[in-house]
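*Asks:* One structure is given below, represented as structure tokens, and several questions about it will come after.
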Amino acid sequence: MAISAGLLLELGLILVALTILGAGARRYGLSPIPLYLLAGLFLGDGGIPVPEAADFLETGASIGVVLLLLTLGLEFSVIEFTASLRRHLPSAAVDLVLNATPGAIAGWLLGLNGAGILALAGVTYISSSGVIARLLGDLRRLGNRETPAVLSVLVLEDFSMAAYLPLLTVMASGGSVAEAMLWMAVALGALGLAFLVSYRWGHHVGRAIGHPEDEQLLLRILGLTLIVAAVAEEIHASAAVGAFLVGLTLTGRTADRARAVLGPLRDLFAAAFFLSIGFAVAPAELLPQLPAALALAAVTAVTKIATGVYAARRDGAARPGQLRAGTALIARGEFSLVIIGLVGAGSGVLAAIATPYVFVLAIAGPLIARFTR
2 MAISAGLLLE LGLILVALTI LGAGARRYGL SPIPLYLLAG LFLGDGGIPV
52 PEAADFLETG ASIGVVLLLL TLGLEFSVIE FTASLRRHLP SAAVDLVLNA
102 TPGAIAGWLL GLNGAGILAL AGVTYISSSG VIARLLGDLR RLGNRETPAV
152 LSVLVLEDFS MAAYLPLLTV MASGGSVAEA MLWMAVALGA LGLAFLVSYR
202 WGHHVGRAIG HPEDEQLLLR ILGLTLIVAA VAEEIHASAA VGAFLVGLTL
252 TGRTADRARA VLGPLRDLFA AAFFLSIGFA VAPAELLPQL PAALALAAVT
302 AVTKIATGVY AARRDGAARP GQLRAGTALI ARGEFSLVII GLVGAGSGVL
352 AAIATPYVFV LAIAGPLIAR FTR
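For the sequence shown, the positions run 2 to 374 when the numbering used here is used.
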């Protein structure tokens, strides 16, 4: 088997650089996420070329976000989380109104067409499940009173993407309303079925994949998770939600062992995920509409904080917990980039403002959350 020396060298140098950046961030009590994002910005298009490692980073990023949400799901039981979701349906409505509206207004002021306005509304609405999942772990907040509220908002946002993305795709391509409605119904129905299966028969899944050997446990959990994530993605739902549901089905001793065997693998591929966000952005794309992007980022950072405060208050969290919930939700990331990719090629104005907007909040969100106590 031929081994690419270039691939090994590029990956080795990238990992060494991430080690240095991560150690520096930890020294000052910071999450390494912003530094990883900036490192990605200096690679690829407009930065340091890494032609051999580019495909690996793209694939690794997809696996990374799946593993982040899988391990996040391991922290909760499906019963308590289902109850939290029901309690936070009003929070989802507040989230939609407060955070999609600024994007829609900005799109209208910029003269975008209907698809462009819908796209920018989605960019400002959806938080980054991947970034926030890692952030909660980095800041040791998984056991906090406000964290279930944060996760409920994130999962309900991802659920909404099952309806939103088919609609946006059809509008951007000029397809029919009937086609959009069909895909929306399929995606939402499949997600509802998956949640029902997790709720009623999830404990059987945990017993079926449990095994005394760590290798077998790792392969079984990872294989099942990737299959479920792939099915979720294929029906225009979220691979992240699929992975999260698998995590919810694992409880007790199986969940404890799963955290141990998945942890190092998650951290490796999560680094690829954060790099990929910066890697997907050319530095030159950040400048033309940067002032407008900063203004929109400031407005929607405040609206996300308001969303988190409202959601955490419904769970009875104290004022500091409410603020922590709000700042945790600020970061945008993978879904926003998907939206830009769907519509941005046909709208230079949309890509010009949405790209720096996402990048600013992907970096600023973790920093603001870190200093909110």
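For each residue, glycine too, the CB sits at the ideal point set by N, CA and C. Predicted model only: the values in this text are computed from it and were never measured.
I'd like the span of the alpha helix (DSSP H) that includes Ala107, first residue to last.
*Replies:* Mapped onto the sequence shown, residue 107 falls at position 106. Ala107 -> alpha helix (DSSP H) spans 90 to 110.
*Asks:* Take Leu68 and list the residues in its own chain whose beta-carbon comes closer than 6 Å to its own, dropping the five residues that flank it on each side.
*Replies:* Numbered from 1 along the sequence shown, position 67 holds the residue referred to as residue 68. If we look at Leu68 and ignore the five residues flanking it on each side, its Cβ neighbours are Arg267, Phe270.
*Asks:* Per DSSP, Leu44 is paired with what?
*Replies:* Reading the sequence shown from its first residue, position 43 is the one you call residue 44. DSSP lists Ile49 as partners of Leu44.
*Asks:* Leaving out five residues on either side along the sequence, give the residues of the same chain with a beta carbon under 7 Å from the beta carbon of Val156.
*Replies:* Taking the sequence shown and counting its residues from 1, one reaches residue 156 at position 155. Around Val156: Leu86, Val242, Phe245.
*Asks:* When the Cα atoms are used, what is the spatial distance from Val300 to Leu220?
*Replies:* The sequence position of residue 300 within the sequence shown is 299, counting from 1. The sequence position of residue 220 within the sequence shown is 219, counting from 1. Val300 and Leu220: Cα-Cα distance of roughly 44 Å.
*Asks:* So what does DSSP say about Asp316, is it helix, strand or coil?
*Replies:* To locate residue 316, count along the sequence shown from 1; it is residue 315. The answer is coil: DSSP assigns Asp316 none of H, G, I, E or B.
*Asks:* Nearest to Gly317 by CA position, among Ala150, Leu368, Gly279, is which residue?
*Replies:* Reading the sequence shown from its first residue, position 316 is the one you call residue 317. For the residues Ala150, Leu368, Gly279, the minimum Cα distance to Gly317 belongs to Ala150.
*Asks:* Suppose the cutoff is 6 Å on Cβ atoms and the five residues either side in sequence are ignored; what does the same chain contact list for Ala105 look like?
*Replies:* For the purposes of this step, residue 105 is taken as residue 104 along the sequence shown, with counting starting at 1. Only Ile118, Ala122 meet the Cβ criterion.
*Asks:* Could you tell me how far apart the beta carbons of Ser128 and Arg333 are, in whole angstroms, since I believe they sit closer than 8 Å?
*Replies:* The residue given as residue 128 occupies position 127 in the sequence shown. The residue given as residue 333 occupies position 332 in the sequence shown. Right, the Cβ-Cβ distance comes to about 6 Å (below 8 Å), so this counts as a contact.
*Asks:* Is Leu218 near Arg260, with beta carbons less than 8 Å apart?
*Replies:* By one-based count along the sequence shown, residue 218 stands at place 217. By one-based count along the sequence shown, residue 260 stands at place 259. Taking 8 Å as the Cβ cut-off, Leu218 and Arg260 do not qualify as a contacting pair.
*Asks:* Determine the DSSP secondary structure at Tyr358, reduced to helix, strand or coil.
*Replies:* Taking the first residue of the sequence shown as position 1, residue 358 is located at position 357. In this structure, Tyr358 counts as helix in the three-state DSSP scheme.
*Asks:* So, helix, strand or coil for Ile4, using DSSP?
*Replies:* In the sequence shown, residue 4 corresponds to position 3, counting from 1. Note: Ile4 maps to coil in three-state DSSP.
*Asks:* What alpha helix (DSSP H) runs, 4 residues minimum, are completely inside the region 252 to 303?
*Replies:* Within the region 252 to 303, the complete alpha helix (DSSP H) runs of at least 4 residues are 253 to 280.
*Asks:* Count the other CB atoms within 10 Å of the CB of Val184; is the residue buried (16 or more) or exposed (fewer)?
*Replies:* Numbered from 1 along the sequence shown, position 183 holds the residue referred to as residue 184. Here the sequence assigns Trp to residue 184, which means Val is not the residue at that position. It is buried - the Cβ of Trp184 has at least 16 other Cβ atoms within 10 Å.
*Asks:* Rounded to the nearest angstrom, what separates Val98 and Glu235 at their Cα positions?
*Replies:* Here the question's residue 98 lines up with position 97 in the sequence shown. Here the question's residue 235 lines up with position 234 in the sequence shown. So the two alpha carbons sit approximately 28 Å from each other.
*Asks:* Excluding sequence positions up to five away, which residues of its chain have a Cβ less than 6 Å from the Cβ of Ala273?
*Replies:* For this step, residue 273 is matched to residue 272 along the sequence shown. Same-chain partners within the cutoff: Leu58, Gly61, Ala62, Gly65.
*Asks:* Please work out which residues of its chain come closer than 6 Å, Cβ to Cβ, to Pro167, disregarding the five sequence neighbours upstream and downstream, and give them in chain order.
*Replies:* For the purposes of this step, residue 167 is taken as the residue at position 166 of the sequence shown. Within the same chain, Pro167 has close Cβ partners Ala181, Trp184, Met185, His237.
*Asks:* Within the chosen definition, does the region 324 to 343 reach the region 75 to 95 through at least 3 CB pairs nearer than 8 Å?
*Replies:* No: the two stretches stay apart, fewer than three of their Cβ pairs being nearer than 8 Å.
*Asks:* What does a CB cutoff of less than 7 Å around Leu90 pick up in its chain, not counting 5 residues either side in sequence?
*Replies:* Within the sequence shown, the letter at position 89 stands for residue 90. None.
*Asks:* Would you mind reading off the limits of the alpha helix (DSSP H) that contains Ser63?
*Replies:* Within the sequence shown, residue 63 is the residue found at index 62, counting from 1. It spans 55 to 74 - the alpha helix (DSSP H) in which Ser63 sits, taken as one unbroken run.
*Asks:* Hey, would you say Arg130 sits closer than 8 Å to Asp96, going by beta carbons?
*Replies:* As a working mapping, residue 130 is identified with position 129 in the sequence shown. As a working mapping, residue 96 is identified with position 95 in the sequence shown. Per the sequence presented here, residue 130 reads as Ser, with Arg not at that position. No, the Cβ-Cβ distance between Ser130 and Asp96 is not below 8 Å.
*Asks:* State the Cα-Cα distance for the pair Thr170 and Val187, rounded to the nearest angstrom.
*Replies:* For the purposes of this step, residue 170 is taken as the residue at position 169 of the sequence shown. For the purposes of this step, residue 187 is taken as the residue at position 186 of the sequence shown. Each residue's alpha carbon lies about 15 Å from the other.
*Asks:* Rounded to whole angstroms, what is the Cα-Cα separation between Gly138 and Gly264?
*Replies:* For this step, residue 138 is matched to residue 137 along the sequence shown. For this step, residue 264 is matched to residue 263 along the sequence shown. Rounded to whole angstroms, Gly138 to Gly264 spans 11 Å at the Cα level.
*Asks:* List the endpoints of the continuous alpha helix (DSSP H) containing Ser161.
*Replies:* Translated into positions along the sequence shown, residue 161 becomes position 160. Unbroken alpha helix (DSSP H) run through Ser161: 148 to 174.
*Asks:* What's the C-alpha gap between Phe43 and Asn114?
*Replies:* As a first step, residue 43 must be located in the sequence shown, where it is residue number 42. As a first step, residue 114 must be located in the sequence shown, where it is residue number 113. Those two C-alpha atoms are separated by around 33 Å.
*Asks:* If I measure Cβ to Cβ from Asn145 and keep anything under 6 Å in the same chain, skipping five residues before and after, which residues do I get?
*Replies:* Taking the first residue of the sequence shown as 1, we reach residue 145 at position 144. Nothing meets the Cβ criterion.
*Asks:* Rounded to the nearest angstrom, what separates Leu39 and Leu288 at their Cα positions?
*Replies:* Locating residue 39 in the sequence shown gives position 38, counting from the first residue. Locating residue 288 in the sequence shown gives position 287, counting from the first residue. Roughly 15 Å separates the two Cα atoms.
*Asks:* Could you have a look at Ile331 and say whether DSSP puts it in helix, strand or coil?
*Replies:* If you number the sequence shown from 1, residue 331 lands on position 330. Ile331 falls in the coil class under three-state DSSP.
*Asks:* By Cβ distance below 8 Å, which residues in the same chain neighbour Arg315 in space, the five residues on each side in sequence not counted?
*Replies:* In the sequence shown, the residue the question calls residue 315 occupies position 314. Excluding residues within five positions, the ones whose Cβ falls inside 8 Å are Arg88, His89, Pro91, Ser92, Ala150.
*Asks:* Roughly how many angstroms lie between the CA atoms of Ala134 and Gln290, to the nearest whole one?
*Replies:* As a position in the sequence shown, residue 134 is number 133, starting the count at 1. As a position in the sequence shown, residue 290 is number 289, starting the count at 1. Answer to the nearest angstrom: the Cα atoms are 29 Å apart.
*Asks:* Would you mind stating whether Ala281 and Leu225 have Cβ atoms separated by less than 8 Å?
*Replies:* Stepping through the sequence shown from its first residue, residue 281 is reached at position 280. Stepping through the sequence shown from its first residue, residue 225 is reached at position 224. No, Cβ-Cβ distance for Ala281 and Leu225 is not below 8 Å.
*Asks:* Can you give me the start and stop residues for the alpha helix (DSSP H) that Glu235 sits inside?
*Replies:* Indexing the sequence shown from 1 puts residue 235 at position 234. Where Glu235 is concerned, the enclosing alpha helix (DSSP H) stretches over 215 to 235.
*Asks:* Give the C-beta separation of Leu362 and Ile331 to the nearest angstrom, bearing in mind that I take them to be a contact with Cβ-Cβ under 8 Å.
*Replies:* The residue labelled residue 362 in the question sits at position 361 within the sequence shown. The residue labelled residue 331 in the question sits at position 330 within the sequence shown. Right, their Cβ atoms sit about 6 Å apart.
*Asks:* Anyone know if the C-beta pair for Ala173 and Ala116 falls short of 8 Å?
*Replies:* Taking the first residue of the sequence shown as 1, we reach residue 173 at position 172. Taking the first residue of the sequence shown as 1, we reach residue 116 at position 115. Their beta carbons are under 8 Å apart, which means Ala173 touches Ala116 by this criterion.
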